[in-house]
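Sequential numbering from 2 applies to the sequence shown in our numbering.
Even for Gly, the Cβ is constructed at its ideal location relative to N, Cα and C.
Bear in mind that the values here come from a model prediction, so they are computed numbers and not experimental data.
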Amino acid sequence: MASDTATDVFEEHRPVLTGVAYRMLGRAADAEDVVQDAWLRWTAQERDDVAEPRGYLVRITTRLAIDRLRQIRARGEAYIGPWLPEPIATDFGSTVPDTAEQAVLAESVSLAVLVVLESLSPLERAVFVLREAFGFPYGEIATTLERSEAAVRQLAGRARRHVEERKPRYDVDPGERRDLTQRFLTAAAGGDLDALLDLLAPDVRMISDSGGKAKAPVRILEGADKVGRFLFAVAKQPIPAADFTFPEINGAPGLVVFSAGKPDTVFQLEIRGGVIQCIHLMRNPDKLGALPTL
Numbered sequence: 002m003a004s005d006t007a008t009d010v011f012e013e014h015r016p017v018l019t020g021v022a023y024r025m026l027g028r029a030a031d032a033e034d035v036v037q038d039a040w041l042r043w044t045a046q047e048r049d050d051v052a053e054p055r056g057y058l059v060r061i062t063t064r065l066a067i068d069r070l071r072q073i074r075a076r077g078e079a080y081i082g083p084w085l086p087e088p089i090a091t092d093f094g095s096t097v098p099d100t101a102e103q104a105v106l107a108e109s110v111s112l113a114v115l116v117v118l119e120s121l122s123p124l125e126r127a128v129f130v131l132r133e134a135f136g137f138p139y140g141e142i143a144t145t146l147e148r149s150e151a152a153v154r155q156l157a158g159r160a161r162r163h164v165e166e167r168k169p170r171y172d173v174d175p176g177e178r179r180d181l182t183q184r185f186l187t188a189a190a191g192g193d194l195d196a197l198l199d200l201l202a203p204d205v206r207m208i209s210d211s212g213g214k215a216k217a218p219v220r221i222l223e224g225a226d227k228v229g230r231f232l233f234a235v236a237k238q239p240i241p242a243a244d245f246t247f248p249e250i251n252g253a254p255g256l257v258v259f260s261a262g263k264p265d266t267v268f269q270l271e272i273r274g275g276v277i278q279c280i281h282l283m284r285n286p287d288k289l290g291a292l293p294t295l
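Structure representation (structure tokens):
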């Protein structure tokens, strides 16, 4: 197999490899490192007997991601404040024509689901990602993880129940979320506290991830009054050369605030019953590098 052919094959499958690695780790930079390691292994060994490159590359990537996840957890590094996955820009509509498949991919990369996946064991997480997000057969997952098919089915059932029991239930209509996001920005930026409070559920929660490297609450804020007044106070503090966009973030509408052309803050709203139930606020600069600049 020629070198350029090896490169072409790998690049053809890079999107699914990156998708698996990101869902396994919730960290875009670590996912890119894992995919790069998979590339090095792919080019360093004989490939003539590889009948199914996609499955082969997914096996390499999954095993590397499991090792990376175990290393991260073994370090047990203290994180200041709540932890959220690293936000990524997504656009499944332009790459996946089937709307049902779009919905599955969008949910599997959503912030709410990725937070729940953090509580799974590395093996459970791998099985859930490969089965639920990408639809791999149990037999192929068993080969990837070097486990029996019966064991993989048990892991899949346990992981699925865990996720279903713990993931929050929100409305998922993209149009409504986009509309509320724009109204949220208008009310906050315009200093209209009453309009902002009207958008918030009485028991709204705000989860802020700054890692101690930017100004943000280090505890989860609960209640419309606390959340609204915090956002109102933040809106009064001007951001240098601020600009705003409404891209798709982790499979759903989001709001990115830019400072001098670089992402400064990311908001994503979860809604139910026409009001905001949860606000994800991401300000850790180390986690915003995967987002495009202006």
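Reference residue i, options the options, closest by Cα
i: residue 240; options: 172, 223, 266; result: 266
i: residue 304; options: 219, 127, 154; result: The chain is shown only over 2 to 295; residue 304 falls outside these bounds and no answer can be derived.
i: residue 199; options: 76, 121, 230, 118; result: 230
i: residue 172; options: 51, 262, 84, 274; result: 274
i: residue 287; options: 226, 243, 13, 28; result: 28
i: residue 6; options: 48, 17, 31, 26; result: 48
i: residue 14; options: 43, 30, 31; result: 43
i: residue 158; options: 128, 136, 120; result: 128
i: residue 74; options: 179, 154, 277, 120; result: 120
i: residue 294; options: 53, 259, 147; result: 259
i: residue 277; options: 12, 64, 185, 81; result: 185
i: residue 103; options: 136, 78, 147; result: 136
i: residue 65; options: 33, 176, 52; result: 33
i: residue 175; options: 226, 52, 92, 41; result: 92
i: residue 41; options: 72, 257, 8; result: 8
Cα-Cα separation, residue i to residue j
i: residue 279; j: residue 271; result: 5 Å
i: residue 112; j: residue 268; result: 11 Å
i: residue 252; j: residue 88; result: 10 Å
i: residue 169; j: residue 50; result: 45 Å
i: residue 167; j: residue 114; result: 9 Å
i: residue 187; j: residue 292; result: 23 Å
i: residue 143; j: residue 156; result: 11 Å
i: residue 179; j: residue 208; result: 19 Å
i: residue 62; j: residue 132; result: 15 Å
i: residue 206; j: residue 228; result: 7 Å
i: residue 76; j: residue 191; result: 44 Å
i: residue 20; j: residue 147; result: 21 Å
i: residue 221; j: residue 177; result: 25 Å
i: residue 141; j: residue 52; result: 14 Å
i: residue 183; j: residue 78; result: 36 Å
i: residue 149; j: residue 226; result: 52 Å
i: residue 338; j: residue 72; result: What the structure shows of the chain is the stretch from 2 to 295, and residue 338 is not part of that stretch, so it cannot be assessed.
i: residue 238; j: residue 37; result: 40 Å
i: residue 81; j: residue 16; result: 32 Å
i: residue 257; j: residue 181; result: 14 Å
Supposed close pair residue i, residue j - CB separation, criterion 8 Å
i: residue 45; j: residue 58; result: Rounded, the Cβ-Cβ distance is 13 Å, inconsistent with contact.
i: residue 197; j: residue 245; result: Incorrect: roughly 16 Å between the Cβ atoms, too far for contact.
i: residue 35; j: residue 22; result: 4 Å
i: residue 83; j: residue 210; result: 6 Å
i: residue 70; j: residue 18; result: The pair is not a contact, with the Cβ atoms about 16 Å apart (cut-off 8 Å).
i: residue 160; j: residue 125; result: 4 Å
i: residue 60; j: residue 145; result: 4 Å
i: residue 236; j: residue 202; result: About 20 Å separates the two Cβ atoms, so there is no contact after all.
i: residue 1; j: residue 250; result: Outside the modelled stretch of the chain, which goes from 2 to 295, sits residue 1, for which no answer is possible.
Beta-carbon spacing of residue i, residue j below 8 Å
i: residue 164; j: residue 24; result: no
i: residue 264; j: residue 255; result: no
i: residue 193; j: residue 224; result: no
i: residue 85; j: residue 116; result: yes
i: residue 282; j: residue 217; result: yes
i: residue 67; j: residue 138; result: no
i: residue 215; j: residue 242; result: no
i: residue 212; j: residue 30; result: no
i: residue 105; j: residue 134; result: yes
Span of the beta strand (DSSP E) around residue i
i: residue 205; result: 201-210
i: residue 246; result: 243-246
i: residue 116; result: Where residue 116 is concerned, there is no enclosing beta strand (DSSP E), although the alpha helix (DSSP H) it sits in stretches over 112-118.
i: residue 278; result: 276-283
i: residue 256; result: 256-260
Unbroken alpha helix (DSSP H) run spanning residue i, endpoints
i: residue 51; result: Element bounds for residue 51: n/a, residue is neither H nor E.
i: residue 271; result: Premise fails: residue 271 lies in the beta strand (DSSP E), 263-273, not in any alpha helix (DSSP H).
i: residue 220; result: That residue, residue 220, is in no alpha helix (DSSP H); it is neither H nor E in DSSP.
i: residue 142; result: 139-146
i: residue 164; result: 150-167
i: residue 34; result: 29-44
i: residue 125; result: 123-129
i: residue 175; result: 175-190
i: residue 289; result: Premise fails: residue 289 is in no alpha helix (DSSP H) and is neither H nor E.
i: residue 232; result: 225-236
Residue i beta carbon near the ligand SAH (any heavy atom closer than 7 Å)
i: residue 26; result: With respect to small molecules bound, the structure shown includes none, and the ligand SAH cannot be examined in it.
Minimum Cβ-Cβ distance from residue i to chain B less than 8 Å
i: residue 73; result: The question asks about chain B, but that chain is absent: this structure has only one protein chain.
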